[in-house]
Structure formats: structure tokens, C-alpha cells
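Before any comments, here is the structure.
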Amino acid sequence: MKNSFPLRLLSGLNGPQTLGNSRAFWTCWIIVAAAFALLPAFASRYQVLTASNFMISAILALSLCLIWGYAGILSLGQAAFFGIGGYAYGVAGINLIGITGESLAAVLAGALAPAILAAVVGGLMFYSRLKSDYVAILMLVVSLLLGLFMRQTADPGYAIGGAHLGGMNGLGPVSADFPGIPGLTVGWGENVVEFDGRSASFYWVALGCLIAVYLGLRWLVNSSFGYLLAAVREDERRTETFGYDVRKIKLAAFCLSAAIAGFAGALYTAWGTYIHPDGFGVGPNILVVIWVAVGGRKDLTSVVLSTVLLSWISIELSSWGEISMLVLGFILVGAMLVAPEGVFATLGERIGRLTARSGSAQGEAAR
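For the record, in the sequence shown the residue sitting at position 213 is 215 according to our numbering, with numbers rising by one throughout.
Here's what the structure looks like:
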């Protein structure tokens, strides 16, 4: 039986690499997306501000989901790409905002800089046949070294044009003659629109970016390249026997993941107009792993839901200090014991089986 017209339109987004390929799933997806879009009409300004951060965090989590869940590459330094993207956005924004009047070029720099770093580091790792365990450790070391370097940049000599790296004070202008880190600004000359990180308009931009990244990755993992990623994850040697260069496949996925994480970092810096070296530490790197592992690293939808929920829990527990990370650690351990493939992914699979059985039973009854 042929698929209905709506499902044919979504055929590129559906496939065995992702959960939820039915009309019912996409109907629920549209309802949830519409509910999030209407959030500013019912929520307070603080809640909208916080929700914007949740959307950015979900984009970061999707970047790790791509390389860990689909390519089998665990990176314990994903926050490094996020931080590099944030710093690149800030540096480019401070130096260019007075010339271009907009910050889209800075956003592009935020995505490009970590991709270049990933190409260098990933090339060294994958072409030297480094095992996955060592890749995870090496990326954590790279992140910690970057953080250590950024903490030592308080000296005025650590400046790029009009941007001063600032050490523990965070990125800022070298003097009052240069602007601070700009917010997200689109346009040219006098025809520009600025999206204040505290406004509903920025929230809608962040939500739109999350939806675009989610749908783009959904299409990617269900394409022929996505099947190659899954093949590399399951058996590298067998994939090589079919003539594929596993190193190139891994490097391409690694660079794309870094670009997405850097894009999230650029949005985060535009959201708060601030970036700080603490983002390169162990905590932020492990937090991304928790988001992905609890949701289900092999499914994009599960990762988004898990990230939003766990981010909300962290905010609710923030008044208790560092206990929020402890609680998230217990959640991770419990999730791994109960559902090793991820809580949301496991629930999604069970719902899919029940739906399929119900549909089969109705079909048999109709006969």
C-alpha cells in the first residue's frame, strides 16, 4: 500500500535511523512545536529567557548525538567546540559589528572555527587509527587545555583586533572605543533587526534554529551518508571491506558535529552577550553526555526531549548549588540500569510496537 501524500513529503525525514515515522508522530510533533512557539504568550520573561537557553542546549546535544549515537564516536570534549564557537562569535562580532552592522558573519565564524579545529584534531585522531576510548579522553584533554589557556589571557596582550580574551573576566572589548559582544543582529546598514536575548523574538529564533537543525540531521541520518555512519558504528572493518574510507566518514561527521556545536555556542554568546572559560571544564562536557545518554543516543527526538527536561530540572535545582549535577548523575545511573539505550528512546520503541500491533489487529478485524 502506497504512503499517503503527507508521508511522501516527509519520506526524506523518515527511516529506520530515527524513531517516529508515522502520521501520528508528525501530528504530535507539529502540536508540540506549535505549543513551544506559543510559549511567550503564557510564560514570564524569565521563563522565556530560560527556554531560549534550553533550545540552544538541545542544539548542542544534537551535535553529540550525531557523532556518538550514529557514528559511534564518544567525545568528552563537545563543550570545547561550543566554547570555541562562542569565542569566535564574540571576537568576530566585536570587530565586525561596526562595519557590517549585523552579526550573521559572526555566527558563521562561530560555526567555522570549531569545524577547523575538529578537522585538525580529528585528522590526527582518525588517521592514526586512535581507538574510541582514547578519542573520548583526548577530546576531554583538549577541552581542559583550551580552558586553561583561556584562563591565562587576562593580560592586555591577548587581544584579537578590538576583542580582548579577558581571562576569567570573559571576552570583551579592549577599550571603550570598541563595542561589546553584540546580540543577534540581522540586516544591513540602517535596515537591521536586533534580537535581544531576553526577548520573545530571540526565543523564536532559537526555536527555529533547533527545528532546522533537528530536521536537517533527521534527513542526514536517513540518507545514504547516515547509513554509512551506522555501518561505521557497528563494524568498521566490514565497512572498509566494501571499499569505504572509514577515516573520511568519521572526520566528516566529526567536523559537522563541531560546526553544529559551535553554532550553538554562537547563539549562546548572542543570547547572553557573554562567554567565559568555565565552559571548557569537566562539568559542561559531562553534562552534554548525560543529556544524550538519558534520552537515547541513537535517536534525535529522544535527545531533544531529554535535554529540555534535564535542563529544566537543573534550573529548578540551581538554588541548591552543586546538588543539581549530583541529581543528574543519579538520573544517569538509574537510566543506564533501567534503560541502557536511553529512557525516551526505549519508551518510543515500546509505543511504536504497541501502535503497530494495534494497527495490525484493526487490519485483521476489518478483513
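Backbone N, C-alpha and C fix where the C-beta goes; we use that ideal spot for every residue, glycine too.
{"query": "Have a look at Ala263 and Ala113 and give me their C-alpha separation to the nearest angstrom.", "result": "7 Å"}
{"query": "Below 8 Å on the Cβ atoms is my guess for Ser308 versus Phe265; work out the distance and round it to an integer in Å.", "result": "Their Cβ separation, rounded to whole angstroms, is 20 Å, which puts Ser308 and Phe265 out of contact at 8 Å."}
{"query": "Near Ser203, which residues of its chain fall below 7 Å by C-beta distance, leaving aside the five closest residues on each side in sequence?", "result": "Phe197"}
{"query": "So who's on the other strand from Asn193, going by DSSP bridges?", "result": "Trp190"}
{"query": "Enumerate in chain order the residues of its own chain whose CB-to-CB distance from Ala107 is below 7 Å, with the five nearest sequence positions on each side excluded.", "result": "Ala94, Leu98"}
{"query": "Could you tell me which of Phe44, Trp293, Gly92 sits nearest to Pro181, measuring between CA atoms?", "result": "Gly92"}
{"query": "Beta-carbon within less than 6 Å of Gly174's beta-carbon, same chain only, minus the 5 sequence neighbours each way: which residues are those?", "result": "His166, Gly168"}
{"query": "How big is the Cα-Cα spacing for Glu104 and Glu236?", "result": "44 Å"}
{"query": "Taking the alpha helix (DSSP H) that Leu217 belongs to, which residues open and close that run?", "result": "202-223"}
{"query": "Please classify Ile58: does DSSP put it in a helix, a strand, or coil?", "result": "helix"}
{"query": "Can you tell me which residues form a DSSP beta bridge with His278?", "result": "Answer is none; His278 lacks a bridge partner."}
{"query": "Keeping to the same chain, check which residues put their C-beta closer than 6 Å to that of Trp293; ignore five residues upstream and five downstream.", "result": "Ala63, Ser308, Thr309, Leu312"}
{"query": "Residues in the same chain with beta-carbon distance under 7 Å from Leu349, minus the five sequence neighbours each way, listed in chain order, please.", "result": "none"}
{"query": "Classify Arg131: buried if its beta carbon has 16 or more other beta carbons within 10 angstroms, exposed otherwise.", "result": "exposed"}
{"query": "From the DSSP output, read off the bridge partner residues of Pro184.", "result": "Paired residue(s): none; Pro184 is not in a bridge."}
{"query": "Counting Cβ pairs closer than 8 Å, one from the segment 53-60 and one from the segment 201-217, do we hit at least three?", "result": "yes"}
{"query": "Per DSSP, what kind of secondary structure is Pro175 in: helix, strand or coil?", "result": "strand"}
{"query": "Taking the straight line between their C-alpha atoms, what separation do you get for Ala82 and Asn287?", "result": "8 Å"}
{"query": "Go ahead and pull the three-state DSSP assignment for Ile162.", "result": "strand"}
{"query": "In its own chain, which residues sit with a C-beta less than 6 Å from the C-beta of His278, not counting the 5 before and 5 after it?", "result": "Gly172"}
{"query": "From this set, Trp70, Gly71, Tyr72, Ala111, which residue's C-alpha is nearest Gly88's C-alpha?", "result": "Ala111"}
{"query": "If contacts are defined as beta-carbon pairs under 8 Å, then Thr275 and Gly199 qualify, I think. What distance do you get, rounded to the angstrom?", "result": "7 Å"}
{"query": "Restricting to Cα atoms, I'd like to know which of Ile317, Leu334, Ala341, Phe332 is closest to Tyr48.", "result": "Ile317"}
{"query": "When you compare only the Cα positions, how much space is there between Phe7 and Gly17?", "result": "Low local confidence applies: a pLDDT of 49 at Phe7 is under 50, so the model's placement there is unreliable, with the coordinate-based value given in what follows. Roughly 16 Å between the two C-alpha positions."}
{"query": "Mind checking which residues open and close the alpha helix (DSSP H) that includes Ala37?", "result": "25-39"}
{"query": "Ignore the nearest five residues each way along the sequence and tell me which others in Ala156's own chain have a CB closer than 7 Å to its CB.", "result": "Gly168, Gly169, Met170, Asn171"}
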